[in-house]
Each structure stands twice: as C-alpha cells, then as structure tokens.
Amino acid sequence: MIRDFYSAIQRNDNGIAKILSLLLFIFQTCRTQNTLECSQLMQNSKCTCYTFEDAVYLDCQDTILKDIKNALKRVSNVHAFSIYDLDGSEEELGPHFIPQGSCIKHIHISRTNIRYIDDETFTPLRKCLESLSILSSKIKFIPQKALSGMLKLISFELISNHVEEIPSYSFFGLPLVKLNMKGNMVRHISDTAFKSLESSLSEIDLSENSLTTFPLTSIAHLKYLLTLKLAWNEIFSIATVDNYNILSLEYLDLNSNNFEFISEDCLKFSPSLRVLSFHFNFITNIHYRAFYSLVNLTSLDLSHNRIKILHTNLFQTNKNLESIDLNHNHLHHIHGLFCNMPSLNKVFLSHNNILEVPIDSFFNCSKITIIHLNQNCINNINSESFSNLENLEELQLDFNYLNQVPHSILTNNKNLTKLHLDNNNFSDINNKTFFNLNHLKEVRLNNNWLKIIYKSLFINSIHLEEIYLNNNRITVIEPGTFQKMSNMKYIFLHHNNLIEISNILPLINSKLLILSLESNQLSIINSLTLGPQKKLNQLNLKYNRLKFIEKNTYNNLTYLTQLELSFNEILFINDFSFQRLNAARYLDLHYNVIRNITSYTFFGLSELEDLDLSYNRIVYIYDMAFDTLKKLRSINLSYNPLKILHRNLFQQGLPLSSLFLDNCDIEVIENGTFQGLNNLKSLSIRNNSLKASDLLCLDIPGLKFLSISFNILDYLPVEAFSNLPLLESINLEHCNIEKLVEDSFVNNKNLVKLNIAQNIISTIPEKLFNMFNSLTVFNVSNNFLDYVPYSIFENLTQIEILDFADNLIQKIEISGLKKFKKLKSLIFRKNEINSITCTNKVILNDVIFFDISFNRLDYLPEIIFDSFPNIQNINISYNNMAN
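Numbering (this note's numbering), first residue to last: 33 to 915.
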C-alpha cells in the first residue's frame, strides 16, 4: 500500500516524492532502532526491556500468557506496559492479547489471577491507550466491552478489585481524566454511572468501598468534578437532593465513615467546597446549619470524633476558614467557638474535654497561626484569652489542669514561637509571664512544680532556642539565668534539685548544643561553668554528686561529643583531666568511686570511641594506661578490683573492638596480656579467678567472642583453643569442667557457639570436632551425661541447637540423629528418659523443637511422629504418662 501511494505521488511531483521518501526512511529507521535496542535485552526473554527518555520500557516478571505474547512480538513502540506476578494459571485477558500494529502508552496490571477481560482486549489500543492499571485483580466486571472506543483513555485504574457494580454506561465515551475505584466491593452506583463523564471527570477514587449512599445521584453530572474520594465507606447519609449542583467540587473525602449526624445544609451541593474530610467518624451531632453552604471552606476535618456539643453558630458561614480539625474530641465548651475568624489559620484543640479558656476564645482571630490546647481539662485561662493573638505562632499548653497563668497571659503574644508548658500544675511562674516573649523559640517546662528559677523568668527571652526544665522541683537557678542566651541550643536540666551550677550558662557567643545535668544535686563542676561551653555537644553528668575530676574542668570542651560521668561520687581523676577532649566520642565512667588509672588518666583521648570503666574501685592500672587511646572502640573493665592481668595492660596497636573482663578478681594472666590485640572482637572473661593456665594467655588473632563463664577451669587445654583462629563464640558456663580433651575443637574451624553448660562432664570425645565443621550451637547442659554422644555425631553437620538439658540420659537413639540435617532444637529436658529408639529410618525435616520434659516417659513414641515431620513444639511435661 505504501508502495502504491509512493508511486502515485512520484508521477505527480518528483520533489514531494523525495521528501516523503526521506520521512518514510526516518520512520522505518526509528522503529527498527527502537525494536533493536530492546530486543538485544530480550534474548530468551521473560520480558524486561528498557531505554528511557526516548521511552519504550516493558517489564512482565513471573510470566506466561505465552510469555506475554512473546514479549508483544518483540516490542513495537510501548512506553511503559508492566504486568508482574501473573501465571496462577492466568484466568484470561484474551483475543490475541494486543499486537497488530501495537503502540501501548502505559497499562500496568500487577499481582493478578485476572478473571476475564476480552471484548478484543484493548482492540490494539485504539489510537494508543494513555494509562489503565488494574492492580491486585480477579476483576468481576466493568471493562465495559474492554473500555470501548478508548481514543486516549486518560487513566482509569480499578485497584484491588472484585468490583460489585457501578454500571449503566460505565464510562461509555471515555477520555476519563482519572477515576481509580480503590479497594472495591462497591455496592451499586449507576444513575447512569458517570454517563459520558460530563466534559471529563477530574478524579473520583471511591476509596476502600461498600458505600451506603451519598454519591449524590451519581455525582450530579460532574461538570469537571475536582477530586472526591469517600474514604473507607459505609457512608451513612447525606441525601437532600433538589436540583443537585456540584459546581466543581474541590476535594471532599469523608474519611473512615458511618458518620452519626451532621445534616441541615448538608454540603448544599457543594459550592466550591475546598477540602473538608470528617476524619474517622461516629460524629454525635453537629447541624447548626452544618457548614451553611460552605462558602469556599478551606480545610476542616473534625478529627477522630464523638464530638459533644458545638453550635455558637458553627463557624458562622466559615469566612474562608483555613484549617480547624478539633482533634480526637468529646469537647466540653469553647464558648464563642472561634468567633469571627477571618481566615483563621490552624487551631486543632487536641484530645479534648476542654473546661475553659474563654473570653471568648479567639474572638476576632487575627490569623491565629496554630494553637492545639493539648490533651486538656484545662482549668481556666482567660485574662483575655490570648488577647487577639497578633499572629500567635504555636502554643499547645500541654496535658493541663494548669495552676495559674495570667500575668496578662502572654501580653499580646508578640509572635510567640512555640511554648507548650508541659504536664502542668506549675507552682509559680509570673515574673510577668515571659514579659512579651520577644520571639521566644520553644520552652516547654516539662512535668512541673518548679521551685524558683527567676532572673526574671527569661527576661525578654533573648531569642531562646529550646530549654524544657524536665521533671522539676528545681531549687534555684538565678544568677544570669542563661546569660543573655546567645541562641542557646537545648539545656533540659533533667529530674532536678540542682544545688549550684554557678553563673548559669551561655555567655556571649555560646550556642550551647545540649547539656541536660541528669538527676542533680551536683557538688561542683565549674571552671567558670564549662568555660563558656565552646559549642558543647552533649554532656549530661548522670545522677551526680560528683567528687572531683578538675584540671580546668574539661578545658573548653572543644566540641565534646558526649561524656556523662555516670552515677558519680567519682573519687579523683585529675592528671590532665581529658586534656581538651579533642571531640571525645563517649566516655561515661560508670557507677564510680574510681581508684587509680593514670599515666595521665586518658591524656588526650584522641577521639576515644566508648570506654565506661564499669562499676569501679579499680585498684590501679598505669603503665601506658591505654596509650592515648587512638580511637579505642569499647573497653568497660567490668566491676573491677583487678587482681593482675598486666604486661603493660593492652598497648600494642590498641583499637580494641570490645573487651569487658566482668567481675575482675582475675588472679593473674600476664605473659603478653593479649599482645598486639589485632582488633580483638569481644572477649569478656566473666566471673574470674581463672586457671587451667589462664588458657595459655589466650594470644587472640582475630578472636570473635569467647566469655569463659564463671571460671575455676578444672581442666581443658590441649592448647586451649589453639590460639583461636576466628573462634565465633564458646562461653564454657560454670567451668569446673572435669575433662574433655582429645583435639579440643581441633583449631575451631569457625566454631559458631558451643557453651558446655554447668559442667563436671563425664566424657564425650571421639575426636571433638573439625573434619571441617561450623557447629551451630550444641550446649550439653548441666551434665554428667550417661550417654548419647553417638560418636560425636559424625562431624555434626551444622546442628542448629541440640542441648541435652540436665543429663544422666538413659537412651534415646532416633538412629543416632542421622547427621541432624540442620536439626532445629531438641533438648531432652532433665532426663533419665527411659527409651524412645528408632533403629534406622530417620527423616528429621528441620525438627522445630521437642524437649521431652522431666522424663521417664511411659509412652509417647509412634516414633515421634515418624521422626518429626515438622513438629511444632511437644514437651510432654513431667511424664510417666497416665495414657
């Protein structure tokens, strides 16, 4: 045909023929290039294919539909497409699923089991679709003759599907401009369901659905609708029809629905609404002319609701509202209910049961800018309730029952910038309550019953930046209360009863960055209170009553990064007291009453990375006391009185990676005490008084956990864990071991747990591991065995727990737990079992527990459900079973 057309033109005009020739050549070249680009990505395709700005894409995923009609016969034009987890043996879509000249533009489809479409499935996309979607699928109608004439559809969707009605002409002449139909099980609509989408729709959605009325006679001839949605649905009510209208709606929603009354003017149909909602609903009353023709509303919501009275001319015809909400509600008054309102600007009124604030709560409302009145039962306020607000900027009044406030409550609020007044019952504030506030920037006053603060309570608040004052009963602060504040950042002052903190902070250019002072009763800090905090970055001083550290207390802190000094009564530190901290990275010094450490007690801390020194009364460390720490990475030294360890205690290339040393009455180790440490990777050495020659001083190349539980080690070596190559746990619980040996874990081949619980074992070997291995738990609980270790389970092929609980076993067998095939639990609780057996056929299939509790059975087998296929639990508590 193209050839005939071409030669006809050639007869008429050779110039035009040349131009057409060029255009046809370009078209064919582009099409070939498009196809080639993607075909190269589709060898043995189950789809996927891309290019991008010059379009195509494709996708498909877990496929069939004859491999999505052989990837749409090797791509022709496309731009999007998709489909995802099809198969599930498909359940149709039908005739010839697209090709002919193809084209596409969008589609999508998703998880599926489709349930029919055909009527010539998108008769090759009548002049190129422009979206569609479908999603989780099993449709149950609409595709009204597979969306009839399409002519550039403009969206649709259908989302989770199993529809249940909408017909009459369901979208008969299309170009839609969106729709969607969210969760589906609609429960009717028609009134000629959007006939020919009067001059083209503009959104809808119908959220999760099963409506029960409203779609005002199926959405009164639409005339460019502008959103709607109807959230989760089972609506309950809005009728009153008359002559309809909708005059370009402007969003609505009606959130989770079943509202219990609103009525009279009920959205008189809907002079240019602008948002609304009704959030969760079961409202309990509203009418006084419920939003009397809404005069261009601008938000509302009426949050989670069961309201309890409103009226006072419910928003007197709304004067372009700008938010409201009424948070969770059961209100109890708020008299003039926001009075004259010109373009309000937020409010909310949090969880509610309010009980006062009037004169006449926000009277003219001069463009409020937030309020909330948090969880409420307020207990009075007035003194001209935020006397005409002068563009307030937040407030809240947290959980409340206040206990005084007016001293001319925030005299005209000079652009407040937050406040809160946390849980309330103050016990004094006045000092001309934040004396005109001068652009405050947070405050809060946490749980309250303050006891003094003054310096005339933030004298003009000099651009504050947070504070809080946590749980309160402060006991003084005055001198220069936050000396002119220089944009202080945070502070808090935790539980309080202070006893000093001198001239009380910032001074000139501070810009603090946290402080806190945890539970308080300090007992000095000083160096002219942290030498005006040169950009601090945390501190805290935990429970406090500190007793020394000094040497120019933290010499100007140069950008600290934590510290804390845990529960305190420190008992000395001095030397160079963390010589300028050089951006510390934690420290803590846990409970404390330290006793020695020095070699300049942590001298320059050069970027520390943890430490702690747990409960302490250390009894000396010296030598190069962590030789200036070069980025340490944990330590702890558990409860200390260290009884030796020495050999220059941990220098050589330090960067530790954990350690601890638990209760620390160690009783020697030395001989190179963990020599180069070479990035340790845990250790612990639990209760201590070690021996079994201090496990040959552990040596450590790349350790990976360990612990050596409560220690007394009567016996273990065969070169205890032969210098540990990359261990992966161990533990050894109570440690009065009594034997094991043979090749004790034959150089551990990356062990993965073990434990050997409370011990005095009574034999196991038959080699004791390797032959490759990576154990995966084991334990052998309280022990004196008497017997299972079926020749230590022929190299244990990756157990997954086991245990043997308290032991003195008396049989089990299940054919030597035939190499476990990744067992998953078992245990045998307290034992003296009295049989179980199996002799040969096994199975296991990843057991899923067992236990066989205190035992001497008398009966269960049936060879434990034919050797466990997938049991989930069993236990059979104390046993000697009656039946």
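By construction, the Cβ of each residue, glycine as well, lies at the ideal position given by its N, Cα and C atoms.
Predicted, not measured: the structure shown is a model, and the values here were computed from it.
- Rounded to the nearest whole angstrom, the CA to CA distance from Leu421 to Asn414 is 13 angstroms.
- Sequence-distant Cβ neighbours of Glu497 in its own chain, meaning closer than 6 angstroms and more than five residues away, are Lys473, Asn519, Met520 and Lys521.
- Here Val809 is not near Phe860, since their CB atoms are 9 angstroms or more apart.
- One thing to note: Leu530 has its Cβ within 9 angstroms of the Cβ of Val508.
- Measuring C-alpha to C-alpha distances from Ser555 to each of Thr561, Lys579, Leu568 and Ala252 identifies Lys579 as the nearest.
- DSSP, reduced to helix, strand and coil, places Ile115 within a strand of the structure shown.
- Ile793 sits away from Val778, with the two beta carbons spaced by 9 angstroms or more.
- Buried is the label assigned to Phe836, since at least 16 other Cβ atoms lie within 10 Å of its Cβ.
- Inter-residue distance for Leu539 and Lys516 is about 7 angstroms (C-alpha atoms, whole angstroms).
- Under the three-state reduction of DSSP output, His138 falls in the strand class.
- A direct Cα-Cα distance of roughly 21 angstroms separates Val389 from Asn337.
- The residues Ser714 and Ser761, in chain order, have a CB closer than 6 angstroms to that of Phe737 in the same chain once the five nearest residues on each side in sequence are set aside.
- Shown here, Tyr822 sits in a helix according to DSSP, grouped into three states.
- Within the model, the alpha-carbon separation for Gln176 versus Phe418 is close to 60 angstroms.
- Under the three-state reduction of DSSP output, Phe395 falls in the coil class, being neither helix nor strand.
- Counting C-beta atoms within 10 angstroms of its own C-beta, Asn905 has fewer than 16 neighbours from the protein chains shown and is therefore classed as exposed.
- If you draw a straight line from the Cα of Asn377 to the Cα of Asn412, it is about 24 angstroms long.
- Looking from the CA of Asn541, the closest CA among Ile494, Asn572 and Glu235 belongs to Ile494.
- For Ala322, the number of other beta carbons within 10 angstroms of its own is at least 16, and it is reported as buried.
- For the pair Val651 and Arg679, the CB atoms are not nearer than the 9 angstroms cut-off.
- Excluding residues up to 5 positions away in sequence, Lys170, Ile171, Lys172, Asn216 and Met217 lie with their Cβ nearer than 8 angstroms to the Cβ of His194 in the same chain.
- Ile846 has its alpha-carbon roughly 12 angstroms from the corresponding atom of Phe897.
- For Lys487, the enclosing alpha helix (DSSP H) covers residues Lys487 to Phe490.
- Closest in C-alpha terms to Asn743, from the list Ser309, Ile130 and Ile788, comes Ile788.
- Residue burial is scored here from C-beta neighbours: Ser909 has fewer than 16 other C-beta atoms within 10 angstroms and is therefore classed as exposed.
- Close CB contacts of Ser885 within its chain, under the 8 angstroms cut and outside five residues either way in sequence, are with Arg861, Lys862, Asn907, Ile908, Ser909, Tyr910 and Asn911 (chain order).
- The beta carbons of Glu596 and Leu613 sit no closer together than 9 angstroms.
- In the structure shown, the three-state DSSP call for Ser716 is strand.
- With fewer than 16 other Cβ atoms inside 10 Å of its own Cβ, Leu560 counts as exposed.
- Below 8 angstroms, too few C-beta pairs join the region 225–241 and the region 176–185 to call them touching: fewer than three.
- Looking at the DSSP output, Phe524 sits in a beta bridge with Tyr500.
- The DSSP assignment places no complete alpha helix (DSSP H) segment of no fewer than 4 residues inside the region 165–201.
- Looking at the DSSP output, Phe692 shares a beta bridge with Ser716.
- Of all alpha-carbon atoms in Asn423, Ile410, Leu381 and Ser393, the one lying nearest the alpha-carbon of Ile400 is that of Asn423.
- In the structure shown, the three-state DSSP call for Asn212 is strand.
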